[in-house]
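Colleague:
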Amino acid sequence: MSAAARGVARTLRRASLSPAEPALIAAGLDFAAVTLALSIAVLLERPGAFAPGDAFGAAGQGLAVVCLVRAARGYRLAALRRFGRGLGLLWLAALLAWGAGRAFGLGPARPWALLALPPLLGAPARALSAVLSGWVRDFGLTERRAVIVGGGPEAERLIAGLAANPDNDIRVCGLFDDRADGRAAPVIAGIPRLGTTRELLAFARAAEIDMLIIALPLAATARIREILAPLSVLPLDIRLSTYSADMEFRRGAGDGLRALGARPLGDRGAILKRAVDLLGASLALLLLAVPMALVALAIRLESRGPALFRQPRHGFNHRPIPVWKFRSMYAEACDPAARRIVTRDDPRVTRVGRFIRKYSIDELPQLFNVLRGELSLVGPRPHAVVALTSQQIAFAEIVDGYAARHRMRPGMTGWAQIEGWRGEVDDPEKLRRRFEHDLYYIENWSLGFDLRILLLTPFRLLNQRGAY
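Heads up: the sequence shown begins at 1 in full-length UniProt numbering, then just goes up one per residue.
1. Sorry if obvious, but does the Cβ on ASN444 come closer than 8 Å to a heavy atom of the ligand GDP?
2. With DSSP collapsed to three states, give me the class of PHE104.
3. Would you mind sorting ASP210 into buried or exposed? The rule is 16 or more other CB atoms within 10 Å of its CB.
4. Under the rule that 16 or more other beta-carbon atoms within 10 Å means buried, what is CYS173, buried or exposed?
5. Our contact map puts ASP178 next to ARG144 with C-beta atoms below 8 Å; I'd like the distance itself, whole angstroms only.
6. Is it the case that the Cβ atoms of TRP98 and LEU38 are separated by a distance below 9 Å?
7. Can you name the start and end residues of the alpha helix (DSSP H) that VAL276 belongs to?
8. So if DSSP puts ILE213 in a beta bridge, which residue, or which two residues, is it bridged to?
9. Spatial neighbours of LEU455 within its chain, please: C-beta separation below 8 Å, excluding the five flanking residues on both sides.
10. Can you look up GLY420 in the DSSP assignment and give me helix, strand or coil?
11. Tell me, which residues are paired with GLN311 by DSSP?
12. Taking the Cβ atom as the reference point for each residue, do ILE453 and THR413 lie within a distance shorter than 9 Å?
13. Using 9 Å as the limit for Cβ to Cβ distance, is VAL8 near chain D?
14. Under a three-way DSSP split, which group does ASP362 fall into?
15. Taking buried to mean at least 16 other C-beta atoms within 10 Å of its own C-beta, is ALA72 buried or exposed?
16. Of the residues LEU279, LEU121, PRO217, which one's Cα is nearest the Cα of GLY152?
17. What are the start and end residues of the alpha helix (DSSP H) that includes CYS67?
18. If distances are taken between C-alpha atoms only, which option among LEU461, ALA404, ARG157 comes closest to TYR441?
19. In angstroms, rounded to a whole number, what distance separates the CA positions of PHE203 and MET1?
20. Measuring CA to CA, which of GLN417, ILE213, PHE449 is closest to HIS437?
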């Protein structure tokens, strides 16, 4: 990777927001404003007769308003910045929700208060949403960081087209062009050339880009496929700036570009999954605090050394992360790099360690990794940085595209483990089957799938083989 590419990558590795996060905040403000407005209207109409049912009714109508505004695409960042239009949409949705509620006897009977209160209370909410969305846009917190493959006229037209769109949220950070230096311009429309496609994989990981846009001539279909092959392991959206009948496209790109590939989790899916992780890990730690303390005490009483140990594993986007576990081996025999696979009756494992490994109790400290955002409750299990089979063969040498399992944050439990593919890897076929199940989970993720895996995990732990 060139010095210029490394410099750009360092500037891009910063915190960013999903476009869904400002939308969720705006929806929460709208819900609060409408619910409060309807509650006040009922109080003014029936002083002293406000009942819990009225509060629930107002909350239900507030939720209906949020759904109506969302259906009208009122929570897009561009829409949130338009204060007057947003306030009018909120008021209209409140009137519709009030009319529907009256059919069930909910809300105030007289519309006079309703006509005044939602705009009155909604104005501060919508003003705050407009300021927030404008601030987020000005600081580039929700922009999609992209690189372009290609440096000819197609790339120049693409850059000009993106710049001409006032609602564009794609920030082009650099170009990768395989043409000889004599033909490839160092800068096109203000965007620097950062290298060739051979350097693209390393840059995409280092910079944590969100999108790759192919800007090559239509006749270069074979070349496009060649470029995309090694990039399938990356968690990013892949777009084509021009149309080709020879390429297979996905639906729903939403940015005027042809979609060739997409991240496993969209913005809303990522937020939903993270919310489940935070809630689930917090509850689990509260419920398991005492048992975990007893396990730590048993480990300390049986052998010298700390109760916990940290092991480097591959995390999201192939980045090394520290994973916490209860120590299950004698301290002097611990293997943080996991270069030696644990086998049946392994003399390095203590008696307490054998028990906690059998039921995966040794992995409970990973709940802290979940809170830190390094792991998820559900996902492909994090493998050691130097992952080897019993025959000392690297996993990546057995499975082509092995790093594709890092397109999603690793988890404490996963679909491969539910299906029985865990434990010692003494046969290459076991690793292939585990990899197939990981990819199936990534490509078919849903909240229901996660909940199913979480519900099945305790039963599989009580009836598992290959864990020792």
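Where is the CB? At the ideal position from N, CA and C, for every residue including glycine.
Please read all numbers here as calculations on a predicted model, not as lab measurements.
Modeller: A quick look at the data gives this:
1. This structure simply doesn't include the ligand GDP, nor any ligand for that matter.
2. The sequence position of residue 104 within the sequence shown is 104, counting from 1. Three-state DSSP puts PHE104 in coil, outside helix and strand.
3. Within the sequence shown, residue 210 is the residue found at index 210, counting from 1. By the neighbour-count rule (16 or more Cβ atoms within 10 Å), ASP210 is buried.
4. Taking the first residue of the sequence shown as 1, we reach residue 173 at position 173. Its Cβ being crowded by 16 or more others within 10 Å, CYS173 is buried.
5. Counting from 1 along the sequence shown, the entry for residue 178 is found at position 178. Counting from 1 along the sequence shown, the entry for residue 144 is found at position 144. The Cβ separation is near 24 Å, so there is no contact.
6. For this step, residue 98 is matched to residue 98 along the sequence shown. For this step, residue 38 is matched to residue 38 along the sequence shown. Yes. Within cutoff.
7. One-based indexing of the sequence shown puts residue 276 at position 276. Where VAL276 is concerned, the enclosing alpha helix (DSSP H) stretches over 267-302.
8. As a working mapping, residue 213 is identified with position 213 in the sequence shown. Note: ILE213 sits in a beta bridge opposite ILE148, ARG239.
9. Along the sequence shown, read from residue 1 onward, the residue named residue 455 stands at position 455. For LEU455, where only same-chain residues beyond five positions count, there are no Cβ hits under 8 Å.
10. Here residue 420 refers to the residue found at position 420 when the sequence shown is read from its first residue. If DSSP states are grouped into helix, strand and coil, GLY420 belongs with coil.
11. Position 311 of the sequence shown, counted from the start, is the residue given in the question as residue 311. According to DSSP, GLN311 bridges with VAL323.
12. In the sequence shown, the residue the question calls residue 453 occupies position 453. In the sequence shown, the residue the question calls residue 413 occupies position 413. Against a cut-off of 9 Å, the Cβ pair of THR413 and ILE453 comes out as a contact.
13. Any reference to chain D falls outside this structure, which holds one protein chain only.
14. For the purposes of this step, residue 362 is taken as residue 362 along the sequence shown, with counting starting at 1. Here ASP362 carries a helix assignment [DSSP, helix/strand/coil].
15. Here the question's residue 72 lines up with position 72 in the sequence shown. With fewer than 16 Cβ atoms within 10 Å of its Cβ, ALA72 is classed as exposed.
16. Here residue 152 is taken as the residue at index 152 of the sequence shown, counted from 1. Per the Cα distances, PRO217.
17. Taking the first residue of the sequence shown as position 1, residue 67 is located at position 67. From DSSP, the alpha helix (DSSP H) with CYS67 extends over 52-71.
18. To locate residue 441, count along the sequence shown from 1; it is residue 441. Of LEU461, ALA404, ARG157, the residue nearest in Cα terms is ALA404.
19. Here residue 203 refers to the residue found at position 203 of the sequence shown. Here residue 1 refers to the residue found at position 1 of the sequence shown. Those two C-alpha atoms are separated by around 7 Å.
20. By one-based count along the sequence shown, residue 437 stands at place 437. Looking at the Cα atoms, GLN417 is the closest of the given residues.
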